[in-house]
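Asks: Chains as they are written, first to last, in this note's numbering: chain Y, 7 to 329; chain X, 55 to 361. Every residue, glycine too, gets a C-beta built ideally from N, C-alpha and C.
This is the structure we're talking about:
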């Protein structure tokens, strides 16, 4: 019983710690950076966090089952280029979004299936499959992707637009909805619980009739769909497609997951906290940019803060505690 | 030890095929008088793959994703300070490079062992720090290297590789090598058997840093200048090369020889595809397919072995 209590305290304790950090960082930013707490800056923080957050939600699920998805940046680029080409070919936008995400979802599912079926390290599988997918789409467009971006898509992400009565562009509620759905999925559905079972003990999970190949395919498939969604959304930002637009998201998604307190060892964590992790990361970089730090300096500080944050609440157990 | 590991045999077969293809497609590169220059061209990727290996061997998710930017940072440090400020004689420049590499690797090791961050998080943080510092030290590519260092990519291109081979052979003679593989296989079992898990694991990262120092020398010799952006893309190449050569990413299996062969394979793939003037994107697809194919056949072999 005491064990359970302590577990509960620990779980909620770290959630509270992250909420506290998000609030504290916002306060600090508001004091040290002019205009940090303005409505405009708040809005941009939310929009940027939404982009990171959508991709990181998929990464979280993959990490929970004990995997890791390095194909996210490649699939973002893949979706970005594919969507632009299809828009350019005058496809209606729902068809474009559907086709693109189904494609990235299938590639993602392939990642999961290959890793599980052949017991390959997902790090290498996702890297290889991602490389192939991105290379293929760039090969197809010979490196000069063309296409166009419809105004509807720009409105979804542009800082100035609103969602009905909400003063934020639709991407923010979209992110919120995705996070909520996935949080419900992981917490209250059978499949969702299977993720945790597989992540904490694959052998025991299989004995409990969890079908690993199916779960791995679905989870990586979801991550692929979310990466594809991110790729399409990014198209609205830049107005121009690029196969390498996803590169920053390789490490950002992992950082958001980890800062959100989901350990990479699997079996624990939640999508909701990753959303907070995304906000925290964006707050931090907004603040550092606001302090007029040059971008390499920003990278250095970012690295140090990442290590410090994780050292505070994401430490691993010592070998002797695992015996 | 006398029996050749089937995994190694597979990598060697792939290597032989690629070498044969290149020999036909691009004989000039393999002319006797060109051989050392070609080796100098291959040395950086081979050495970086080797540098990524000790941390992977140490198991429990051990990996050093900072290895690429680390080589990049050492490159600009040696060009900016070693050559530029100090005008160091060869021994001092080499010492500077290797010692700072070891120190950076040790810092990673301490983050993993003392701060107990998960290796990928710890080294991701240092990835960002190293990449940022490189640009702060040298915002634009530039600088030059003395003649003796440029020779390390030409007539003396075997020297960095031989140095690492020698150091690793010496290490293999010590009981610590077996300890490293033991903690990679199961750190819990090794811990109960009295292996100093933390010390060995930390040392593995430092060793990676040491090799990264030598890789940086080879890289600097090859490009003949400092370039703050040369390091970052090396990480994925290094890890892929190690896996291609048969280093198990789960830890405990493989060695520097595997990584070296993997590095050579990656180099030959690059060479083949640039030789046939394929688009870089086709090259990218081919690299991915080969990587996937190689790890899958490794998995088949492992399954057959255990069956």
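In whole angstroms, give me the CA-to-CA distance for residue 450 of chain X and residue 252 of chain X.
Replies: Any property of residue 450 of chain X remains undetermined from this structure, which presents chain X solely from 55 to 361.
Asks: What does a CB cutoff of less than 6 Å around residue 123 of chain X pick up in its chain, not counting 5 residues either side in sequence?
Replies: So the list reads 181, 184, 185, 285, 286, once near-sequence residues are dropped.
Asks: Closer than 8 Å, CB to CB, is residue 124 of chain X near chain Y or not?
Replies: Not closer than 8 Å to any Cβ of chain Y, the Cβ of residue 124 of chain X fails to qualify, so no.
Asks: Using a Cβ-Cβ cut-off of less than 8 Å, list which residues of the segment 110-138 of chain Y approach chain X; keep chain order.
Replies: So the close ones are 120, 124, 125, 126, 127, 129, 130, 131, 133, 134, 135, 136, 137, 138.
Asks: Residues of chain X with CB closer than 7 Å to the CB of residue 317 of chain Y, please, in chain order.
Replies: Ordered by position in chain X, the residues that pass the 7 Å Cβ test against residue 317 of chain Y are 169, 171.
Asks: Check residue 285 of chain X in the structure and name its three-state DSSP category.
Replies: Coil, per DSSP.
Asks: So residue 321 of chain X contacts chain Y; which residues on that side make the cut at Cβ distance below 7 Å?
Replies: Simply none; closest approach about 17 Å.
Asks: Flag this pair as yes or no: are the beta carbons of residue 255 of chain X and residue 163 of chain X separated by less than 8 Å?
Replies: A contact, by the Cβ cut-off of 8 Å.
Asks: Against chain X, with Cβ distances strictly below 8 Å, would residue 142 of chain Y count as a contact?
Replies: Answer yes: the Cβ-Cβ gap between residue 142 of chain Y and chain X drops below 8 Å somewhere.
Asks: Along the chain, where does the alpha helix (DSSP H) containing residue 245 of chain X start, and where does it finish?
Replies: Taken as a continuous stretch (DSSP letters only), the alpha helix (DSSP H) holding residue 245 of chain X covers 241-246.
Asks: Would you call the segment 73-86 of chain Y and the segment 185-195 of chain Y touching, i.e. three or more CB-CB distances under 8 Å?
Replies: With the cut-off at 8 Å, the segment 73-86 of chain Y and the segment 185-195 of chain Y do not touch.
Asks: So what does DSSP say about residue 270 of chain Y, is it helix, strand or coil?
Replies: In the structure shown, residue 270 of chain Y sits in coil (DSSP, three-state: anything other than H, G, I, E or B).
Asks: Quick check: residue 272 of chain X and residue 98 of chain X, are their CB atoms within less than 8 Å of each other?
Replies: Yes, they are a contact pair.
Asks: Could you check what DSSP says for residue 280 of chain Y in three-state terms: helix, strand or coil?
Replies: Helix, per DSSP.
Asks: At least one CB of chain Y closer than 8 Å to the CB of residue 241 of chain X: is that the case?
Replies: Chain Y contact via Cβ: present.
Asks: For the ligand NAD, is there any heavy atom lying closer than 7 Å to the beta carbon of residue 237 of chain X?
Replies: You won't find the ligand NAD in this model; it holds no ligand whatsoever.
Asks: Using three-state DSSP, classify residue 316 of chain X as helix, strand or coil.
Replies: Three-state result, residue 316 of chain X: helix.
Asks: Please work out which residues of its chain come closer than 6 Å, Cβ to Cβ, to residue 160 of chain Y, disregarding the five sequence neighbours upstream and downstream, and give them in chain order.
Replies: Excluding sequence neighbours, residue 160 of chain Y sits near 242.
Asks: Using a C-beta cutoff of 8 Å, does residue 208 of chain Y count as contacting chain X?
Replies: Residue 208 of chain Y does not count as touching chain X.
Asks: Considering only their Cβ atoms, is the gap separating residue 121 of chain X from residue 266 of chain X smaller than 8 Å?
Replies: Yes, these two residues count as a Cβ contact at 8 Å.
Asks: Answer yes or no: do residue 82 of chain Y and residue 240 of chain Y have a C-beta to C-beta separation smaller than 8 Å?
Replies: Yes. Within cutoff.
Asks: Who pairs with residue 172 of chain Y in a beta bridge, going by DSSP?
Replies: Y:169.
Asks: Helix, strand or coil for residue 280 of chain X per DSSP?
Replies: Residue 280 of chain X falls in the strand class under three-state DSSP.
Asks: Does residue 56 of chain X come out as helix, strand or coil in the three-state DSSP assignment?
Replies: In this prediction, residue 56 of chain X has a pLDDT of 42, which is less than 50 and means its spatial position is unreliable; what the coordinates show is noted afterwards. Residue 56 of chain X falls in the coil class under three-state DSSP.
Asks: Determine the chain Y residues that contact residue 306 of chain X at a beta-carbon separation under 8 Å, and present them in chain order.
Replies: Correct list: empty, because the minimum Cβ distance to chain Y is about 13 Å.
Asks: How would you label residue 208 of chain X, buried or exposed, when you count the other beta carbons within 10 angstroms and need 16 or more for buried?
Replies: Residue 208 of chain X should be labelled exposed.
Asks: Using DSSP with H/G/I as helix, E/B as strand and the rest coil, what is residue 306 of chain X?
Replies: In the structure shown, residue 306 of chain X sits in coil (DSSP, three-state: anything other than H, G, I, E or B).
Asks: Taking C-alpha atoms, which residue in X:115, X:62, X:84 lies nearest to residue 306 of chain X?
Replies: Checked all of X:115, X:62, X:84; the closest Cα to residue 306 of chain X is X:115.
Asks: Tell me which residues share the same chain as residue 330 of chain X and place their Cβ nearer than 8 Å to its Cβ, disregarding the 5 neighbours each side in the sequence.
Replies: Excluding positions up to five away in sequence, the list reads 79.
Asks: What residue range is occupied by the uninterrupted alpha helix (DSSP H) comprising residue 137 of chain X?
Replies: Per DSSP, residue 137 of chain X belongs to no alpha helix (DSSP H) and is neither H nor E.
Asks: Buried or exposed: where does residue 227 of chain Y fall if 16 or more other Cβ atoms within 10 Å of its Cβ makes it buried?
Replies: That one is buried.
Asks: Can you give the Cα-Cα distance for residue 299 of chain X and residue 42 of chain Y, rounded to whole angstroms?
Replies: Their backbone Cα atoms lie some 50 Å apart in a straight line.
Asks: Is residue 238 of chain X near residue 113 of chain X, with beta carbons less than 8 Å apart?
Replies: Cβ distance < 8 Å, so residue 238 of chain X and residue 113 of chain X count as in contact.
Asks: Going along chain X in order, which residues have a C-beta closer than 8 Å to the C-beta of residue 58 of chain Y?
Replies: Within 8 Å Cβ-Cβ: nothing; residue 58 of chain Y doesn't reach chain X, min ~15 Å.
Asks: What are the complete alpha helix (DSSP H) segments, minimum 4 residues, inside the segment 126-213 of chain Y?
Replies: Taking only runs of at least 4 residues, the alpha helix (DSSP H) segments lying wholly in the segment 126-213 of chain Y are 128-146, 157-163, 177-194, 196-206, 208-213.
Asks: In three-state DSSP terms, what is residue 245 of chain Y?
Replies: The answer is coil: DSSP assigns residue 245 of chain Y none of H, G, I, E or B.
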